[in-house]
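Engineer: Those letters in the sequence shown? Residues 0 to 236, by our numbering.
Quick one: the structure is below, and I'll ask about it shortly.
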Amino acid sequence: MILYSSNIIRSGNFDIKSDLVSRTVEGDEELKKKKKKMAKSMALLVLLFTVFSVAVSIDDKCAACNAVSVELEIGLSKEKPRNHLDMRHRLDSKGQRKGKVIDYRVSELRVVELLDGLCDKMQDYTLEKINSTSREWIKVHDWNVLTISKQEAKAYANDIATYCGRLLEETEDELAELIKKGSVKAGEMSKVLCQDLSKHCSPSSGSEKVDDNDESESDDESADDESESDDESAAEL
């Protein structure tokens, strides 16, 4: 009887241990599932925050595009005269080098050197408050003397760098050809990149002002004509 009772006790202990182990395993699996769900939720929140941040700060694509064009203008202004690119790397049967000699200004290398790292340089820009109603993209020289927090300023810097990457993806081929052809004059990068290629900016309002002036001038002319006709009729009387 004692041995029988001992076996029962031992069997009971084994069942208890087995039950505890199974519960522990189930708990671990449930915890892993919760962690996976939490990780997915966090990833979704980060994605939504990133999209929202870019959408807010790059709401004015024209202003952002102009900032990119300013940095590109700086790159163009810093260009120095370069020798032609000697591509004659092969030798013919007479030992003469074969290949082309390419003018650097119309070469792919020039375009690569101008555009490579451009968007990294946009990390030095942020959206600064000019007054209570407007903001402007500026190049930052000291991140500690801005009207907004450094964290917010850095977030804007990341946004415009991301925008720059998308802008180049859309326009790089056409922009490269225009640069190689010498079609982009000093001071015209904003018009070429932001109006002609990306369409992120509409033509300046100057044309509208001209139209308004034309209308006012035509009104003045018609008024003058009316006054002259009145004078003539008065003279006849």
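The C-beta atom is built at its ideal place from N, Cα and C for all residues, glycine as well.
As the structure is a computational prediction, the values presented were derived from the model and not from experiment.
Can you say whether Trp136 is buried or exposed, counting buried as having 16 or more other CB atoms within 10 angstroms of its CB?
Structural biologist: Reading the sequence shown from its first residue, position 137 is the one you call residue 136. Label assigned to Trp136: buried.
Engineer: Pull up the distance between the alpha-carbon of Asn82 and that of Asn130, whole angstroms please.
Structural biologist: Here residue 82 is taken as the residue at index 83 of the sequence shown, counted from 1. Here residue 130 is taken as the residue at index 131 of the sequence shown, counted from 1. Between Asn82 and Asn130, the C-alpha separation is close to 48 Å.
Engineer: Under three-state DSSP, which class holds Leu166?
Structural biologist: Here residue 166 refers to the residue found at position 167 of the sequence shown. Leu166: helix per DSSP, three-state reduction.
Engineer: I think Ala152 touches Leu145, with their Cβ atoms under 8 Å apart; what is that distance to the nearest whole Å?
Structural biologist: Position 153 of the sequence shown holds residue 152. Position 146 of the sequence shown holds residue 145. That belief holds up - the Cβ atoms of Ala152 and Leu145 are roughly 5 Å apart, short of 8 Å.
Engineer: Would you kindly work out how many angstroms separate the C-alpha atoms of Glu179 and Glu107, rounded to a whole number?
Structural biologist: On the sequence shown, residue 179 is found 180 positions in, with the first residue counted as 1. On the sequence shown, residue 107 is found 108 positions in, with the first residue counted as 1. Looking at the sequence provided, one finds Lys at residue 179 rather than Glu. Roughly 8 Å separates the two Cα atoms.
Engineer: Which residue marks the beginning of the beta strand (DSSP E) containing Glu127, and which one marks its end?
Structural biologist: Within the sequence shown, the letter at position 128 stands for residue 127. Start and end: Tyr124 to Lys128.
Engineer: For the alpha helix (DSSP H) containing Glu107, list its first residue and its last residue.
Structural biologist: As a first step, residue 107 must be located in the sequence shown, where it is residue number 108. Its alpha helix (DSSP H) spans residues Glu107 to Leu114.
Engineer: Just to confirm, is the Cβ distance from Ser197 to Thr161 under 8 Å?
Structural biologist: If you number the sequence shown from 1, residue 197 lands on position 198. If you number the sequence shown from 1, residue 161 lands on position 162. Cβ atoms of Ser197 and Thr161: not closer than 8 Å.
Engineer: So does the region 185-196 actually touch the region 110-123, counting three or more Cβ pairs closer than 8 Å?
Structural biologist: No, because fewer than three Cβ pairs between the region 185-196 and the region 110-123 fall closer than 8 Å, the two stretches do not touch.
Engineer: Anyone know if the C-beta pair for Cys64 and Leu177 falls short of 8 Å?
Structural biologist: Within the sequence shown, numbered from 1, the residue matching residue 64 stands at position 65. Within the sequence shown, numbered from 1, the residue matching residue 177 stands at position 178. Cβ distance not < 8 Å, so Cys64 and Leu177 don't count as in contact.
Engineer: Go ahead and pull the three-state DSSP assignment for Ile147.
Structural biologist: Here residue 147 is taken as the residue at index 148 of the sequence shown, counted from 1. Three-state result, Ile147: coil.
Engineer: Looking only at its own chain, which residues have a Cβ that is under 7 Å from the Cβ of Glu70, when we skip the five neighbours before and after it?
Structural biologist: Here residue 70 corresponds to residue number 71 of the sequence shown, with the count starting at 1. Excluding residues within five positions, the ones whose Cβ falls inside 7 Å are Leu117, Lys120 and Met121.
Engineer: Under the assumption that Tyr124 contacts Val105 (Cβ atoms under 8 Å), give the Cβ distance between them as a whole number of angstroms.
Structural biologist: Numbered from 1 along the sequence shown, position 125 holds the residue referred to as residue 124. Numbered from 1 along the sequence shown, position 106 holds the residue referred to as residue 105. Contact doesn't hold; Cβ gap of about 30 Å is too wide.
Engineer: Within 10 angstroms of its Cβ, does Ala185 collect 16 or more other Cβ (buried), or is it exposed?
Structural biologist: Within the sequence shown, the letter at position 186 stands for residue 185. With fewer than 16 Cβ atoms within 10 Å of its Cβ, Ala185 is classed as exposed.
Engineer: Looking only at DSSP bridge pairs, what is Glu135 linked to?
Structural biologist: Counted from its first residue, the sequence shown places residue 135 at position 136. Glu127, per the DSSP bridge assignment.
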